[in-house]
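In what follows, a structure is listed as structure tokens, so that the remarks can point back to it.
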Amino acid sequence: MSKVYKLRSDEVEDVKEALMKFVVEKKALMKETDVIHALIKYHLKNLKADEVIKYRQEILGKDD
Numbered sequence: 025m026s027k028v029y030k031l032r033s034d035e036v037e038d039v040k041e042a043l044m045k046f047v048v049e050k051k052a053l054m055k056e057t058d059v060i061h062a063l064i065k066y067h068l069k070n071l072k073a074d075e076v077i078k079y080r081q082e083i084l085g086k087d088d
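Using this note's numbering, you'd call the opening residue of the sequence shown number 25 and step up by one each time.
Now the structure itself:
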């Protein structure tokens, strides 16, 4: 099953920058989705609820 998510424009730029760095470093073609999927697969398990709350407050301006 797949699902479409929207990324904020500054986060899209971060993904593009990371992709370019990886392509230059490894001299191999990759896609933006490869970067996003690797980030989710290898780093999501370490994400803490406090980090999500901090993101919501600092970036989205939401008070929980």
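C-beta atoms are modelled at their ideal positions from N, C-alpha and C, and glycine is treated no differently.
Nothing here was measured: the structure is a model prediction, and the numbers come from that model.
- Beta-carbon to beta-carbon, Val59 and Val39 are separated by about 5 angstroms, close enough to satisfy the 8 angstroms threshold.
- Per DSSP, Met54 lies in no alpha helix (DSSP H) segment and is marked neither H nor E.
- When rounded, the separation of the alpha-carbon atoms in Lys78 and Gly85 is 10 angstroms.
- Judged by beta-carbon spacing, Val48 lies beyond the 7 angstroms limit of Met54, meaning their Cβ atoms are not closer than that value.
- With respect to the C-alpha of Glu56, the residue from Arg80, Glu82 and Leu31 having the closest C-alpha is Leu31.
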